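Trainee: Quick note, the sequence shown lines up with residues 1 to 163 if you use UniProt numbering. Dropping a structure here in structure tokens format, bear with me for questions.
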Amino acid sequence: MIGAGIGLGLKAIGGIFGGIKASKAMRQVRDSLNEQRQRNADWYNRRYNEDATQRADAQAILAKTEESIRNRNRQAAGAQAVMGGTEEAVAAAKEANNRALADATTAIAANAERRKDMIESQYHAKDDALQQQINDLNINKSHAVSQAVGGVSSAGTNIAGLF
């Protein structure tokens, strides 16, 4: 009878200890998930708010476009000097070149908007997944607490039955 009481007491203590350990482990997982959510938010803020015209790919497009414009302007000025073209022809060539630069910039801006939409979708998908993991963790934690309390109650009832 004393051995059974000790065994049941140890069962109750084991249930409490197990519940504490499980709670601590779940808290660490929750903290890790919250840290991942913060990193995801930081990534989103950094990528969503960056200037699309300063990206390397956009700078390369603009540099190539500007180089092409300079070459065409030189050719137009050279042709005008050699063949006696009019100032209006040179001005028209420069106007066309300026439109080309504006079109390139517009294309970069349009691509930036699509990119922002993609970044926003990725952010929300990852954030939703992390939040679901936190919700699942909280559900598991409540189940673990219920089981620990049930085990302690059962052990307490059994101990009381011995006396």
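We put the beta carbon where it would ideally sit given N, CA and C, even for glycine. Every value quoted in this text rests on a predicted model; they were computed, and no experiment measured them.
How long is the line joining the alpha carbons of T106 and A60, rounded to whole angstroms?
Mentor: 15 Å
Trainee: State the DSSP-derived secondary structure class of R115, mapped to helix, strand or coil.
Mentor: Assignment of R115 by DSSP, reduced to helix, strand and coil, places it in the helix class.
Trainee: On the CB-based measure, 16 or more other CB atoms within 10 Å of its CB, does A160 come out buried or exposed?
Mentor: For A160, the predicted model reports a pLDDT of 49, less than 50, meaning its position is unreliable; a value from the coordinates is still stated below. Per the 10 Å Cβ criterion, exposed.
Trainee: Contact defined as beta carbons within less than 8 Å: I believe residue 177 pairs with D127. What is the distance between those atoms, to the nearest angstrom?
Mentor: Shown here, the chain extends from 1 to 163; a query on residue 177 therefore has no answer.
Trainee: Decide yes or no for the touch test of the region 123 to 138 against the region 36 to 53: beta carbon pairs closer than 8 Å, at least 3 of them.
Mentor: yes
Trainee: Restricting to Cα atoms, I'd like to know which of N135, L137, R115 is closest to N49.
Mentor: Of N135, L137, R115, the residue nearest in Cα terms is R115.
Trainee: Quick one, are the C-beta atoms of R47 and I119 less than 8 Å apart?
Mentor: Closer than 8 Å, so yes.
Trainee: Mind checking D136: buried by the 16 CB within 10 Å criterion, or exposed?
Mentor: D136 counts as exposed, since fewer than 16 other C-beta atoms from the protein chains shown sit within 10 angstroms of its C-beta.
Trainee: Kindly list the residues whose CB is nearer than 8 Å to the CB of E66, restricted to its own chain and excluding five residues on each side of it in sequence; keep chain order.
Mentor: The answer, listed in chain order, is L101.
Trainee: Report the three-state DSSP secondary structure of R55 (helix, strand or coil).
Mentor: coil
Trainee: Comparing alpha-carbon positions, which option in A76, V29, M83, E35 lies nearest K94?
Mentor: A76
Trainee: Relative to the C-alpha of A109, which residue among K24, R27, A58, R74 is closest?
Mentor: Among K24, R27, A58, R74, the Cα nearest to that of A109 is on A58.
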